[in-house]
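Asker: Quick one: structure below, then a few questions.
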Amino acid sequence: MTFKEKIYSHYTQMVQDRIDVFKDMISNLTEDSKNDAKGSAGDKHETALSMMHIEQEKLTTKLKEAIEQKTILDKIDPLKTTENIVLGSLVKANGIYLYVSVALPKITIDGINVIALSPQSPLGNHLMGNKAGFQFEINKTHYTIESVE
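In my numbering, the protein residues as written are 820 to 968.
Quick look at the structure:
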């Protein structure tokens, strides 16, 4: 498995795990609210149900975001390499590995730090469509694209 495939696999698993956790939490809240509704009455009961409903809405929003991230990752072919930076490119710039996909936490693969960033982010936007050797500046930081996979 190539370095790029390991990165893709790790991020895909990370997002799938988040989806599973959110689904479980929503399911547990739904079950709790059903059980709570059977034997309670009064203001405290209504407040508790309302709080559960608000929490469920928050989790549903997070679940939708994770599903959107998974949808974008599913469009990426980790075996594809291009000269120009596109969605799914692994870019080395200023000694930093950047994975152009979706905004996700930094990971370490084979002892190397990798940052996943969205093509819509300021840095991702400057990278898109460019090649190795391209130079640009963001927030007074000068970047040089060293390689593109």
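Just so it is clear, CB atoms sit at the ideal spot from N, CA and C, and this is done for glycine as well.
Contact between the region 840-849 and the region 936-952: three or more CB pairs below 8 angstroms?
Answerer: Result no; under three Cβ-Cβ pairs closer than 8 angstroms.
Asker: With distance defined between alpha-carbon atoms, name the residue in Ser-966, Ile-886, His-945 nearest to Thr-960.
Answerer: For the residues Ser-966, Ile-886, His-945, the minimum Cα distance to Thr-960 belongs to His-945.
Asker: List the DSSP bridge partners of Thr-955.
Answerer: Residue identity check: residue 955 is Phe in the sequence provided, not Thr. Paired residues: Tyr-962.
Asker: What are the start and end residues of the beta strand (DSSP E) that includes Pro-972?
Answerer: A question about residue 972 goes unanswered here, because the residues of the chain that appear run from 820 up to 968.
Asker: By the three-class DSSP mapping on this structure, what secondary structure does Val-919 have?
Answerer: Strand at Val-919.
Asker: What is the DSSP secondary structure of Asn-913, reduced to helix, strand or coil?
Answerer: coil
Asker: Per DSSP, what kind of secondary structure is Val-905 in: helix, strand or coil?
Answerer: coil
Asker: Could you tell me which of Tyr-916, Ser-920, Thr-821, Asn-903 sits nearest to Thr-890, measuring between CA atoms?
Answerer: For Thr-890, the closest of Tyr-916, Ser-920, Thr-821, Asn-903 by C-alpha to C-alpha distance is Ser-920.
Asker: In whole angstroms, what is the alpha-carbon distance linking Glu-876 and Ile-964?
Answerer: One C-alpha to the other measures close to 42 angstroms.
Asker: What number of angstroms, rounded off, separates the C-alpha of Val-967 from the C-alpha of Arg-837?
Answerer: 29 angstroms
Asker: Thinking C-alpha only, which one of Ile-904, Ile-926, Glu-887, Asp-851 is nearest Met-870?
Answerer: Asp-851
Asker: Judging by CA-CA distance, which residue of Glu-824, Lys-911, Tyr-918, Glu-874 is the nearest neighbour of Ser-940?
Answerer: Tyr-918
Asker: Apart from the five residues on each side of it in sequence, which residues of its chain come closer than 6 angstroms, Cβ to Cβ, to Ile-826?
Answerer: Tyr-918, Ile-928, Val-933
Asker: Go through its chain and collect everything with a Cβ distance to Asp-896's Cβ below 7 angstroms, but skip five positions before and after it.
Answerer: Gly-907
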